[in-house]
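One structure is given below, encoded as structure tokens.
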Amino acid sequence: FEEMLGKGAMKTVYKAIDEVLGMEVAWNQVKLNEVLRSPEDLQRLYSEVHLLSTLNHDSIIRFHSSWIDVHRKTFNFITEMFTSGSLREYRKKYKRVDIRAIKNWARQILQGLVYLHAHDPPVIHRDLKCDNIFVNGHLGQVKIGDLGLAAILRGSKSAHSVIGTPEFMAPELYEEDYNQLVDVYSFGMCVLEMLTSEYPYSECANPAQIYKKVTSGKLPGAFYQIQDLDAQRFIGKCLVNASNRLSAEQLLLDPFLAKDEATRLGSPKLFLNQSEIEKLHLNDNPPRTDMTITGKLNPEDDTIFLKVQIADTEGSTRNIYFPFDIVEDTPLDVATEMVKELEITDWDPLEIAEMIDGEISALVPQWKKSDLPRHQAHNTYNYQEDDDDGCHHPFYSFSSCSSSQMSVLMSHGCDWLRGKILVYILFVNPYMFVALMFRFSFLD
């Protein structure tokens with residue numbers, strides 16, 4: 502291992518590779534001489550490792566193995582690696598995130614909490630915050646980690662120690678008598694930070710001021726910055742007194758988190774399976790491709806034609822053309838489809854979305870994403886193939902398409918795709934448009 506991913510009070514995390522699977526992992530290393538100074542820290546460390554080894558859920562960080570290096574006096578344990586760091590870092594890096602992405606993250610976090618709280622015995626995280634939630638940006642996947650402060654309720658319905666991060670601590674935590682609902686409160690603060698990119702109670706100068714506000718029932722200033730009333734109500738349900746607070750399982754059923762009907766019916770699987778993830782990680786830090794996006798406006802129908810030029814490290818270049826409807830499409834929708842259909846593995850969808858957004862804003866200065874209707878379902882961060890209908894996607898490179906491939910493409914009955922392709926061809930090559938219209942008359 503060479504690259505440090507993070508350093509905390511107890512451990513240092515490095516980026517490493519599993520040489521058998523060819524997969525990147527997180528190497529957590531603790532110097533025993535530092536931990537042995539505090540029996541409490543040692544107990545917390547072993548508790549985290551033991552707990553991780555017993556958990557198995559898609560929304561909880563996956564544990565692989567652990568050992569003690571006697572010569573170096575270190576305790577080591579291996580977990581899965583998260584390419585995009587913590588959710589807080591990710592949110593600070595990408596300022597413009599669609600609320601549907603935030604809902605997707607929230608669902609995953611709640612699913613992890615439901616699993617922890619239903620565990621036998623039940624597990625309370627007690628320090629849930631965006632710093633302890635980790636992201637695989639190219640998958641839209643978040644997982645709960647850093648379970649070092651977790652409490653296991655053995656034969657008791659409540660825990661009895663004050664521990665956690667003040668900005669995310671429920672009022673009852675200070676009373677030293679609480680249950681799993683403290684994680685729901687912390688989850689609400691996480692959603693607040695996801696929506697505003699602001700740490701809860703950032704208006705307070707010290708923990709004492711935070712304590713005073715929390716115990717008196719005053720909400721963070723960031724809560725009142727939320728423009729979406731449904732989102733504000735949802736967070737409010739998490740931050741009420743424990744006696745009125747819903748469980749993680751109940752919150753998962755809240756209408757705010759309901760997926761769009763079009764997304765449920767038409768979108769492919771959200772995540773890759775394990776074997777596909779391993780294939781993505783076979784190359785350790787491959788060189789990044791070069792990508793540029795330029796656009797041209799067709800003022801007659803509010804359509805922008807975007808040109809994506811992708812140059813790999815070997816010098817070959819692909820030019821892909823596609824239309825962008827400024828009324829119907831969003832940069833993140835289009836970027837997500839690009840990542841999927843063009844098999845782009847070294848660019849994050851949010852990075853591509855920012856490039857598209859910048860190009861569109863330059864062409865149409867008055868264009869504002871938040872002011873326009875959006876009817877398309879949002880298929881978040883997905884590479885999974887979906888060829889059930891035999892229909893290719895409009896991100897199609899004509900420079901690499903043979904006449905026989907074009908015949909197959911046009912004969913699959915993909916009426917929507919034909920329309921997209923014909924609009925493009927009419928725009929850039931009227932002669933090809935006439936020829937293909939003639940061919941369609943025979944295919945149909």
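For the sequence shown, our numbering gives the first residue as 502, with consecutive numbering after it.
Beta carbons: idealized from backbone N, C-alpha and C, even for Gly.
Are the beta-carbon atoms belonging to L758 and A607 less than 8 angstroms from one another? Counted from its first residue, the sequence shown places residue 758 at position 257. Counted from its first residue, the sequence shown places residue 607 at position 106. Going by C-beta atoms, L758 is nearer than 8 angstroms to A607.
Short Cβ contact (8 angstroms threshold) for P701 with F735: Start at 1 with the first residue of the sequence shown, and residue 701 comes out as number 200. Start at 1 with the first residue of the sequence shown, and residue 735 comes out as number 234. No, the Cβ-Cβ distance between P701 and F735 is not below 8 angstroms.
With respect to 7 angstroms, is the separation between the Cβ of T584 and the closest non-hydrogen atom of the ligand ADP below this value? The model on display carries no ligand, and the ligand ADP is accordingly not part of it.
Rounded to the nearest angstrom, how far is the Cβ of F823 from that of L807, given a contact under 8 angstroms? Working through the sequence shown from its first residue, we reach residue 823 at position 322. Working through the sequence shown from its first residue, we reach residue 807 at position 306. Taking C-beta atoms under 8 angstroms as the contact rule, F823 and L807 qualify, at a distance of about 6 angstroms.
Quick check on the burial criterion: 16 or more other C-beta atoms within 10 angstroms. Buried or exposed for D791? By 1-based counting over the sequence shown, the position of residue 791 is 290. Burial check for D791: the Cβ neighbour count within 10 Å stays below 16, so the residue is exposed.
I600, DSSP secondary structure in three states: Looking up residue 600 in the sequence shown gives position 99. Helix, per DSSP.
First and last residue of the uninterrupted alpha helix (DSSP H) at Q733: In the sequence shown, counting from the first residue as 1, residue 733 sits at position 232. Segment L730 to L740, the alpha helix (DSSP H) holding Q733.
Give the straight-line distance between the Cα atoms of F825 and T804, rounded to the nearest whole angstrom. Taking the sequence shown and counting its residues from 1, the one referred to as residue 825 is at position 324. Taking the sequence shown and counting its residues from 1, the one referred to as residue 804 is at position 303. So the two alpha carbons sit approximately 6 angstroms from each other.
Which of the three DSSP states is assigned to Y725 in this structure? By 1-based counting over the sequence shown, the position of residue 725 is 224. In the structure shown, Y725 falls within a helical segment according to DSSP collapsed to helix, strand and coil.
Which residues share a DSSP beta bridge with F564? Within the sequence shown, numbered from 1, the residue matching residue 564 stands at position 63. The secondary-structure analysis by DSSP pairs F564 across a beta bridge with T580.
On the criterion of 16 or more Cβ atoms from any shown chain inside 10 Å, does Y591 qualify as buried, or is it exposed? Your numbering for residue 591 matches position 90 in the sequence shown. With 16 or more other Cβ atoms within 10 Å, it is buried.
Our contact map puts I857 next to A836 with C-beta atoms below 8 angstroms; I'd like the distance itself, whole angstroms only. Within the sequence shown, residue 857 is the residue found at index 356, counting from 1. Within the sequence shown, residue 836 is the residue found at index 335, counting from 1. Right, their Cβ atoms sit about 6 angstroms apart.
Would you check if the segment 844-854 and the segment 634-641 touch, i.e. whether three or more CB-CB distances between them fall below 8 angstroms? yes
Spatial distance of I634 from T580 (CA atoms): Residue 634 sits at position 133 when you count from the first residue of the sequence shown. Residue 580 sits at position 79 when you count from the first residue of the sequence shown. Separation of I634 and T580 (C-alpha to C-alpha, rounded to the nearest whole angstrom) is 14 angstroms.
Taking the Cβ atom as the reference point for each residue, do F578 and V624 lie within a distance shorter than 8 angstroms? Within the sequence shown, the letter at position 77 stands for residue 578. Within the sequence shown, the letter at position 123 stands for residue 624. No, Cβ-Cβ distance for F578 and V624 is not below 8 angstroms.
What would DSSP say about Q751, mapped onto helix, strand or coil? Taking the first residue of the sequence shown as 1, we reach residue 751 at position 250. Residue state, collapsed to three classes: helix.
When the Cα atoms are used, what is the spatial distance from I955 to Q867? Any property of residue 955 remains undetermined from this structure, which presents the chain solely from 502 to 945.
Please name the residue or residues paired with I794 in a DSSP beta bridge. Here the question's residue 794 lines up with position 293 in the sequence shown. DSSP output for I794 lists V809 as bridge partner(s).
CA-CA distance, N799 and D830? Walking along the sequence shown from the start, residue 799 turns up at place 298. Walking along the sequence shown from the start, residue 830 turns up at place 329. Their backbone Cα atoms lie some 15 angstroms apart in a straight line.
The segment 736-747 touching the segment 675-692, judged by at least three CB pairs closer than 8 angstroms: Between the segment 736-747 and the segment 675-692 there are three or more C-beta pairs closer than 8 angstroms, enough to call the two in contact.
Span of the alpha helix (DSSP H), counted from its first residue to its last, around V692: Start at 1 with the first residue of the sequence shown, and residue 692 comes out as number 191. Residues L682 to T697.
Over the uninterrupted alpha helix (DSSP H) stretch that includes M670, give me the two end residues. In the sequence shown, the residue the question calls residue 670 occupies position 169. It is not in any alpha helix (DSSP H) - M670 carries neither H nor E in the DSSP assignment.
So, helix, strand or coil for D826, using DSSP? Translated into the one-based positions of the sequence shown, residue 826 becomes position 325. Strand at D826.
Which word fits D684, buried or exposed, when buried means at least 16 other C-beta atoms lie within 10 angstroms of its C-beta? Here residue 684 is taken as the residue at index 183 of the sequence shown, counted from 1. So D684 counts as buried.
So is A946 buried or exposed if we call it buried at 16+ other beta carbons inside 10 Å? Here the chain covers residues 502 to 945 and nothing more, so residue 946 does not appear.
With D858 as the anchor, note down where its alpha helix (DSSP H) starts and where it stops. Reading the sequence shown from its first residue, position 357 is the one you call residue 858. If you look at D858, you'll find it in the alpha helix (DSSP H) that goes P850 to L864.
Just mark K512 as buried or exposed, buried being the case when its beta carbon has 16 or more other beta carbons within 10 Å. Within the sequence shown, numbered from 1, the residue matching residue 512 stands at position 11. So K512 ends up on the buried side.
My output table needs one value for W868: the three-state DSSP class, helix, strand or coil. Along the sequence shown, one-based indexing puts residue 868 at 367. If DSSP states are grouped into helix, strand and coil, W868 belongs with coil.
What is the DSSP secondary structure of L617, counted as helix, strand or coil? Position 116 of the sequence shown, counted from the first residue, corresponds to residue 617. The three-state secondary structure of L617, taken from DSSP, is helix.
Could you check which residue in D599, L556 and V531 has the C-alpha nearest to that of R573? For this step, residue 573 is matched to residue 72 along the sequence shown. For the residues D599, L556 and V531, the minimum Cα distance to R573 belongs to V531.
Rounded straight-line distance, which links the Cα of A706 to that of E504: On the sequence shown, position 3 is the one that residue 504 refers to. On the sequence shown, position 205 is the one that residue 706 refers to. About 34 angstroms.
Could you tell me whether the Cβ atoms of D599 and L833 are closer together than 8 angstroms? On the sequence shown, position 98 is the one that residue 599 refers to. On the sequence shown, position 332 is the one that residue 833 refers to. Taking 8 angstroms as the Cβ cut-off, D599 and L833 qualify as a contacting pair.
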